[in-house]
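**Q** Below is a structure I'd like to ask you about.
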Amino acid sequence: MVTSGHGVRMQDNYAGDMAGLSGPVSATSPRWLRLDRAGDTVTGYDSTDGTHWAKVGAVHVAGLGSTVQGGLFVACPPAVQGIGTAASKATAVFGNPGIRGNWTGGDWTGEQVGPESRTFAGYPQNTSGSFAASDGGFTVTGAGDIAPAVRDTLPGGGVIGELLFGTFAALIAVIVVGTQFITTEYRADMIFVTLAASPRRSRVLAAKAIVLGAVTFVAGLAGAMTAVPLGEWLARANGVYLFPVTALTQLRVELGTATLLATTSVLALAVGAMFRRGAGAVTAVVVGIVLPFVLVAIPFMPAGVSDWLTRVTPAAAFAVQQTLVPYPQVAGVYTPYNGYYPLAPWAGLAVLAGYALVSLVVAAVLLRGRDA
Amino acid sequence: MKPALHAEWTKMRTTAGPLWLLLGSIVLTVALSAAVTSVMTCGGAQCGGDTTKLSLTGVDLGQALVVVLAVMVVGGEHSSGMIRTTLAAMPRRTTYLAAKAITLVGVVASTGAVAVLGSLLAGRLILPGRGFTAAHGHPPLSLADGPTLRATVGSILYLALIALLSLGVATAVRDAAASIGLVLGLLYLFPVLAQVVGDPDWQRLLQRIAPMSAGLAIQATTDLRSLPVGPWAGLAVLAAWAAAALLAGALLLRLRDA
Chain A
1 MVTSGHGVRM
11 QDNYAGDMAG
21 LSGPVSATSP
31 RWLRLDRAGD
41 TVTGYDSTDG
51 THWAKVGAVH
61 VAGLGSTVQG
71 GLFVACPPAV
81 QGIGTAASKA
91 TAVFGNPGIR
101 GNWTGGDWTG
111 EQVGPESRTF
121 AGYPQNTSGS
131 FAASDGGFTV
141 TGAGDIAPAV
151 RDTLPGGGVI
161 GELLFGTFAA
171 LIAVIVVGTQ
181 FITTEYRADM
191 IFVTLAASPR
201 RSRVLAAKAI
211 VLGAVTFVAG
221 LAGAMTAVPL
231 GEWLARANGV
241 YLFPVTALTQ
251 LRVELGTATL
261 LATTSVLALA
271 VGAMFRRGAG
281 AVTAVVVGIV
291 LPFVLVAIPF
301 MPAGVSDWLT
311 RVTPAAAFAV
321 QQTLVPYPQV
331 AGVYTPYNGY
341 YPLAPWAGLA
351 VLAGYALVSL
361 VVAAVLLRGR
371 DA
Chain B
1001 MKPALHAEWT
1011 KMRTTAGPLW
1021 LLLGSIVLTV
1031 ALSAAVTSVM
1041 TCGGAQCGGD
1051 TTKLSLTGVD
1061 LGQALVVVLA
1071 VMVVGGEHSS
1081 GMIRTTLAAM
1091 PRRTTYLAAK
1101 AITLVGVVAS
1111 TGAVAVLGSL
1121 LAGRLILPGR
1131 GFTAAHGHPP
1141 LSLADGPTLR
1151 ATVGSILYLA
1161 LIALLSLGVA
1171 TAVRDAAASI
1181 GLVLGLLYLF
1191 PVLAQVVGDP
1201 DWQRLLQRIA
1211 PMSAGLAIQA
1221 TTDLRSLPVG
1231 PWAGLAVLAA
1241 WAAAALLAGA
1251 LLLRLRDA
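Protein sequence lines correspond, in order, to chains A and B.
When we follow our numbering, the leftmost residue of the first sequence carries the number 1, and every step to the right adds one.
When we follow our numbering, the leftmost residue of the second sequence carries the number 1001, and every step to the right adds one.
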């Protein structure tokens, strides 16, 4: 296809996208496009004069039948406007389509394709699609996009990260338990006994972190591995469309969620050891992780700030639950609020791990330097 | 009642914790409000947005320290064993709790007023520079404007109610860390849940019953009809949560051994 801003593109199977000739297209500088079929391989060519052809790419279409339909189309993806997208339409003038080989077609008819699709953005007010023969060619007006669904074209769709909403509740419980794992020692004066029994203080802290992290990881993994299939089953039973994920991605989300909870518990332990008081430690960790989400949800929050918040605060770790895929060829609102995080899944988790590690080191230094 | 109030006021005044928490609450509230308003931009001739609510965003963060203060007022007594002395001196437990509640509301409301007015002032100074000018449909923030006055007074009341809610929960739970986890969970989880729930009816219901979402409806000054809950009705929802927590706390306090 020919686009106004991204040159010639050859796209297949919704998600595939290859670039052809670049540069703007107009009536004085038109483009010729050609598709050759051999078996179930379709090869695309483009040209500026109709005689000199350049190959754009070839795609293998599995199970392409002996009878296929071809045609001209006009699509116009919804435009990003503020915090959402708005419908838009486009019109194109085509020359006479040439067909070679064993084609029997030639009686061209016009049709609105896919208006019943849930993701169709529709036409702007008081406009509609049209199809008219003109000067041996055709003038076609259309709207909508032939592209993979993204968050704002399918707002009712669910993703695994949302099925794991309970992570937030678990997180708060984990933070309370993690801080109390050391603060109760201070409150009950047990710390004197503990440190008398094992005078190497860093080792006490490390032992606490290992036990706490391991227990939380196991509990978190059990929770995630129960919640995801249960949530999927409930969503399907209620007719909710779930964005598809591979088994491997699902496993990554489940393991990632368990790691997120375990890392948070260690962070809470370290902050608890620094503060020695449960109240302040719990508040600091909860606010550090949950508040960024509350801020990201403020309408009109610039995308740059949202990105920054989910890049440098411990909340970055939630990237590990992202399963939505941003497509460069699809216009959309790719913000953390919509489930698109700026960092890769494990990189996000590494940010939280960094906070935990630094806090643990500071806590160890304080524990060594201070009287109990 | 008067000796009880005097005793609670003395505890509040002479321990270092409350002063730092209250100062911290003011600083965090104003700082976050100023930060949020200074990253917003109004590009076009008509940009939407509720500048009053935006300027009061810091309350989202400042309330966390109010929660800590309110919980520590009770939790501190339990963790140090002071509660036994207090109740020996003041055997009428409801009076004890009422004295704590009154002292707390007084302190939180007065620092809350400083924090809220400071945030509003920051917004008034910063927003015109970010394009939110009268020409773009955003006159400078002013207390002479009815809805802005309501948002300001309401935000102060909101902080006081959050303090009472936390006091009630802490009296019932007794352990400071667990109480804080519970209250912050109650406040922050609902808004995050409302983001996740796809169904709009459920979303509105959640925003209507959640203490933070409903309570902060008082900050809205534009487009009130599209809100899930009206400003005063929302504050009433939070008041109901606070009353329920206080009632539960008072009952448990009377029934249990200290």
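All C-beta atoms in this analysis are idealised placements derived from N, C-alpha and C, irrespective of residue type, glycine included.
According to DSSP, simplified to helix, strand and coil, what is Met1090/B?
**A** Note: Met1090/B maps to coil in three-state DSSP.
**Q** Can you have a look at Asp390/A and say buried or exposed, based on whether 16 or more other CB atoms are within 10 angstroms of its CB?
**A** The structure shown does not extend to residue 390/A, since chain A is modelled only from 1 through 372, so no value can be given for it.
**Q** So the candidates are Phe138/A, Gly280/A, Ala87/A and Leu154/A; which of them puts its Cα closest to the Cα of Ser128/A?
**A** Ranking Phe138/A, Gly280/A, Ala87/A and Leu154/A by Cα distance to Ser128/A puts Ala87/A first.
**Q** Looking at chain B, is there any beta carbon in it that lies within less than 7 angstroms of the beta carbon of Arg31/A?
**A** Judged by the 7 angstroms Cβ criterion, Arg31/A is not in contact with chain B.
**Q** Compare the C-beta of Gly1181/B with all C-beta atoms of chain A and state if any pair is closer than 7 angstroms.
**A** Answer yes: the Cβ-Cβ gap between Gly1181/B and chain A drops below 7 angstroms somewhere.
**Q** Taking a Cβ distance cut-off of 7 angstroms, strictly less, list which residues of the stretch 1170 to 1204 of chain B are near chain A, in chain order.
**A** Here the close residues are Ala1176, Ala1177, Ala1178, Ile1180, Gly1181, Leu1184, Gly1185, Tyr1188, Leu1189, Pro1191, Val1192, Leu1193, Gln1195, Val1196 and Gly1198.
**Q** Rounding to the nearest angstrom, what Cα-Cα distance links Pro1003/B and Trp1009/B in this structure?
**A** Approximately 10 angstroms, taken between the alpha carbons.
**Q** Would you kindly check if the distance between the Cβ of Gly166/A and the Cβ of Ser265/A is under 7 angstroms?
**A** No, these two residues do not count as a Cβ contact at 7 angstroms.
**Q** Quick one: is Thr1103/B buried, meaning 16 or more other Cβ sit within 10 Å of its Cβ, or exposed?
**A** Thr1103/B should be labelled buried.
**Q** Could you check what DSSP says for Gln1195/B in three-state terms: helix, strand or coil?
**A** Residue state, collapsed to three classes: helix.
**Q** Apart from the five residues just before and just after Ala356/A, which ones in its own chain have a Cβ nearer than 6 angstroms to its Cβ?
**A** Answer for Ala356/A: Thr263, Val266 and Leu267, listed in chain order.
**Q** Could you check where the alpha helix (DSSP H) with Phe181/A kicks off and where it finishes?
**A** Start and end: Gly166 to Arg187.
**Q** Please report the straight-line C-alpha distance between Glu232/A and Leu163/A, rounded to a whole angstrom.
**A** Spanning the two alpha carbons is a distance of roughly 7 angstroms.
**Q** If I follow the unbroken alpha helix (DSSP H) through Phe192/A, where does it start and stop?
**A** Where Phe192/A is concerned, the enclosing alpha helix (DSSP H) stretches over Met190 to Ala197.
**Q** Tell me, please, whether the stretch 313 to 323 of chain A touches the stretch 239 to 255 of chain A by the rule of three or more beta-carbon pairs shorter than 8 angstroms.
**A** At 8 angstroms Cβ cutoff, the stretches touch.
**Q** At the level of alpha carbons, what is the spacing between Ile1026/B and Asn238/A?
**A** Their backbone Cα atoms lie some 46 angstroms apart in a straight line.
**Q** For a contact defined as C-beta to C-beta under 9 angstroms, what are the partners of Phe293/A on chain B?
**A** By Cβ distance, chain B contributes Tyr1188, Pro1191, Val1192 and Gln1195.
**Q** Could you tell me whether the Cβ atoms of Leu1061/B and Leu1032/B are closer together than 7 angstroms?
**A** Cβ distance < 7 angstroms, so Leu1061/B and Leu1032/B count as in contact.
**Q** Check whether the stretch 343 to 356 of chain A and the stretch 1063 to 1082 of chain B touch, using three or more Cβ-Cβ pairs below 8 angstroms as the test.
**A** At 8 angstroms Cβ cutoff, the stretches do not touch.
**Q** Going along the chain, which unbroken runs of the beta strand (DSSP E) with 3 or more residues stay wholly within the stretch 1194 to 1226 of chain B?
**A** Listed in chain order, there is nothing to give.
**Q** Under a CB-based cut-off of 7 angstroms, is Met1072/B close to chain A?
**A** It does: the Cβ of Met1072/B has a partner Cβ on chain A nearer than 7 angstroms.
**Q** Contact between the stretch 266 to 281 of chain A and the stretch 180 to 192 of chain A is defined here as three or more beta-carbon pairs at a separation below 8 angstroms; is this criterion met?
**A** Yes, the stretch 266 to 281 of chain A touches the stretch 180 to 192 of chain A.
**Q** Return helix, strand or coil for Ser47/A, following the three-state DSSP convention.
**A** Of the three classes helix, strand and coil, the one that applies to Ser47/A here is strand, per DSSP.
**Q** Quick one: measure Cβ to Cβ for Ala1122/B and Val1030/B, integer angstroms, because I've assumed they're closer than 8 angstroms.
**A** So it is a contact: roughly 6 angstroms between Cβ atoms.
**Q** Whole angstroms is fine: what's the gap from Met1090/B's alpha carbon to Arg1174/B's?
**A** Distance between the alpha carbons of Met1090/B and Arg1174/B: 18 angstroms.
**Q** Check this for me: beta carbons of Ala235/A and Thr257/A, under 7 angstroms apart or not?
**A** No.
**Q** Of the residues Val1183/B, Asp1050/B and Val1153/B, which one's Cα is nearest the Cα of Leu1227/B?
**A** Nearest C-alpha to Leu1227/B: Asp1050/B.
**Q** Do Ala1070/B and Ala1163/B have their CB atoms nearer than 7 angstroms?
**A** A contact, by the Cβ cut-off of 7 angstroms.
**Q** So that I know if they touch, is there some Cβ in chain B lying closer than 7 angstroms to that of Ala297/A?
**A** It does: the Cβ of Ala297/A has a partner Cβ on chain B nearer than 7 angstroms.
**Q** Along chain B, in chain order, which residues have C-beta atoms closer than 7 angstroms to that of Phe165/A?
**A** Here the neighbours are Leu1193 and Val1196.
**Q** Grab the span of the alpha helix (DSSP H) containing Val330/A for me, first residue to last.
**A** Segment: none, Val330/A is in no alpha helix (DSSP H) and carries neither H nor E.
**Q** Buried or exposed: which applies to Tyr14/A, given that a residue is buried once 16 or more other Cβ atoms fall within 10 Å of its Cβ?
**A** Looking at its Cβ environment, which holds fewer than 16 other Cβ atoms inside 10 Å, Tyr14/A is exposed.
**Q** Residues of the stretch 1050 to 1065 of chain B in Cβ contact with chain A at a cutoff of 8 angstroms, in chain order, please.
**A** Answer in chain order: Leu1054, Thr1057, Asp1060, Leu1061, Ala1064 and Leu1065.
**Q** Based on the DSSP output, what are the partners of Gly158/A in its beta bridges?
**A** Bridge partners of Gly158/A: Leu242/A.
**Q** Evaluate the contact criterion for the stretch 280 to 291 of chain A versus the stretch 321 to 338 of chain A: three or more CB pairs, one atom per stretch, below 8 angstroms.
**A** Because the criterion of three Cβ pairs below 8 angstroms is not met, the stretch 280 to 291 of chain A and the stretch 321 to 338 of chain A do not touch.
**Q** Using a cut-off of 8 angstroms between C-beta atoms, extract the partners of Thr1041/B located in chain A.
**A** Neighbours of Thr1041/B on chain A, chain order: Pro302.
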